[in-house]
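Colleague: Below are the C-alpha cells for one structure; questions will follow.
In the working numbering, the protein residues as written are 41 to 456.
Given below as C-alpha cells:
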C-alpha cells in the first residue's frame, strides 16, 4: 500500500478544523492522534452524517482471542508502478514465520496483490504460495484485487468470473480461511495499491462480495470467510458516501454475505500523520468504524472487524525505536479493546522490508530488514503474540498434544 500522507488530509488546516479543543462538557470532534482516552471523551454529538465526532467513549473489554498475523509478501508502492524489491530467501522467511507463530495456536498470513489482470498465471502463483504457507501450519488470507487490465476496466462480469474462479481454486485448501474482495475502494488515486482508481470499483466490491460468498456456499467451502476493507481515513464526506453507497446498492444480499469488515490504518505515517498516543489512535479508528461508518452500510455489531493492515515503516528520518513503540501501542490497544469493538483478526504490515537501502520509507515496513536481520519490533511482536494468542490447543497441525509456550529469548533472538 503506500501513498503520500499529506494528500489524505489536503492540508494542515483541514486537520486542525476537525480537532477542536475538547472539554468534558462538549462532544469531541474526531481525535485521530489519540490525545484523549475514552474516559475523557464526551458522547458524540448527533446527528453526525460524516462521522467527524469522536466515538472513543467506551472502556476496554475482553473478548475471544484475536488471530494475529503478518503480511509476508512485498509492500505495494503508492502510485502506478512498483519499487525495487530484494529477492526473497524462502528458508529464512519460513524460519521467521515459524518464530512468530505462537505455539499451538493459529497465526495467519495475508497474501496481498492477487490481481485480476494476472489471470490464470497469477492464480497459479498464489495457489503455490498458499500451499507453502499452509504446509507451515499457517492460516491464509487472500487479498483479491480488482486491478483490471486496461481492456477490462469496468468489466464487472469478467471480474465476477475471476472472483468465482478464486473460490474454486483456493476453496479446497482448508487453510485458506478468508478472502478480502477488492482493496481500499475508497482510495481513488493509487492504482498500484488501491482499487478505487478503477472504473465501477464500488460495484466490484459489492457484487464481488456477494459472488464470492455464494460460490463458497455452493461448493461447500465453509471455512472461507468473505469481507472487504476500508482505508482509514480520507475526506469525511467522501468516506461517509462510500459506506452509504455500498450499503444501499448491496442491500440485504450484500449484508448477509459480509462476514467481516477490514480496516487499513497507518497512524503516524499516512493518516493521521502526527500521533499523540499510538494505542489511543488505534482505538479512535476502531470506534469510528464500529459505531459510525459500519452502521451507515447497515453492518451491525455482530460483524467482526479485521485490522487488515497496520504498520509503521522505518527508513530515512524514521527510527526503529519509534516503530517498536508504535507496534507496542497498536497491538496492546487491539488486545485491550477486542471485546469492545469485536476485533477478531490483526495483521502487521509487513514481515520484511522491500529494500532496506531504499530511499523511500515505503521500502521499510518490515519487522525484518531485507537481509533478514531482525529489527527490535520483530521480537516485541513475537512476545506480544505469544502472550495474547490464547491457550494452546490440540490437533494434528500441532502434533496432537499441548504445545509449550515460546520463551521470550526465542522471540528476541530468532537466529535466522
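C-beta atoms are modelled at their ideal positions from N, C-alpha and C, and glycine is treated no differently.
Note that the structure is predicted; figures quoted are calculated from it, not measured.
#1: Have a look at the DSSP bridge pairing and note the partners of residue 383.
#2: Determine the contact status of residue 211 and residue 226, defining contact as a CB-CB distance below 8 Å.
#3: Using the Cα positions of residue 137 and residue 89, report the straight-line distance between them to the nearest angstrom.
#4: Going by beta-carbon coordinates alone, are residue 265 and residue 218 separated by less than 8 Å?
#5: Are residue 259 and residue 216 close, meaning C-beta to C-beta below 8 Å?
#6: Would you say residue 377 faces chain C, with C-beta separation under 8 Å as the test?
#7: Of the choices 319, 334, 384 and 179, whose alpha-carbon is the least far from that of residue 352?
#8: Kindly indicate which residue of 409, 359 and 299 has the alpha-carbon position closest to the one of residue 345.
#9: What number of angstroms, rounded off, separates the C-alpha of residue 162 from the C-alpha of residue 207?
#10: Residue 412 and residue 371 look like a contact to me (Cβ under 8 Å); what is the Cβ gap, rounded to whole Å?
#11: Assign residue 180 to one of three DSSP states: helix, strand, or coil.
#12: Could you work out which residue in 432, 451 and 348 is closest to residue 145 when comparing CA atoms only?
#13: Relative to the C-alpha of residue 416, which residue among 289, 364, 301 and 254 is closest?
#14: Taking just the CA atoms, how far does residue 375 sit from residue 49?
#15: Taking only the alpha-carbon atoms, compute the straight-line gap between residue 113 and residue 406 and give it to the nearest angstrom.
#16: Given a cut-off of 8 Å on the beta-carbon distance, is the pair residue 303 and residue 329 in contact?
#17: Using C-beta distances below 7 Å, list every residue in its chain close to residue 332, excluding the 5 sequence neighbours before and after it, in chain order.
#18: Beta-carbon within less than 7 Å of residue 245's beta-carbon, same chain only, minus the 5 sequence neighbours each way: which residues are those?
#19: Can residue 69 and residue 107 be called in contact, C-beta distance under 8 Å?
#20: Return helix, strand or coil for residue 298, following the three-state DSSP convention.
#21: Hey, how far is the Cα of residue 273 from the Cα of residue 326?
#22: Might you give, ordered along the chain, the residues of its own chain that have their beta carbon closer than 8 Å to the beta carbon of residue 252, omitting 5 neighbours on each side?
#23: Decide if residue 414 is buried, meaning its Cβ has at least 16 other Cβ atoms within 10 Å, or exposed.
#24: Which residues mark the beginning and the end of the beta strand (DSSP E) in which residue 111 is found?
#25: What does a CB cutoff of less than 6 Å around residue 385 pick up in its chain, not counting 5 residues either side in sequence?
#26: From residue 430 to residue 383, what does the alpha carbon distance come to, in whole angstroms?
#27: Between which two residues does the alpha helix (DSSP H) holding residue 200 run?
Modeller: A quick look at the data gives this:
#1: 345
#2: no
#3: 43 Å
#4: yes
#5: no
#6: In the structure shown, chain C cannot be found, because there is only a single protein chain.
#7: 319
#8: 299
#9: 14 Å
#10: Not quite, the Cβ-Cβ distance comes to about 22 Å (not below 8 Å), so this is no contact.
#11: strand
#12: 432
#13: 364
#14: Reliability of the predicted coordinates at residue 49 is poor, the pLDDT of 33 falling under 50, and the value obtained from them is presented with this limitation in mind. Looking at the two C-alpha atoms, the distance is approximately 29 Å.
#15: 10 Å
#16: yes
#17: 88, 91 and 95
#18: 221, 222, 225, 268 and 286
#19: no
#20: coil
#21: 12 Å
#22: 184, 203, 204, 206, 207, 219, 221, 264, 266 and 297
#23: buried
#24: 107-111
#25: 107 and 346
#26: 14 Å
#27: 196-210
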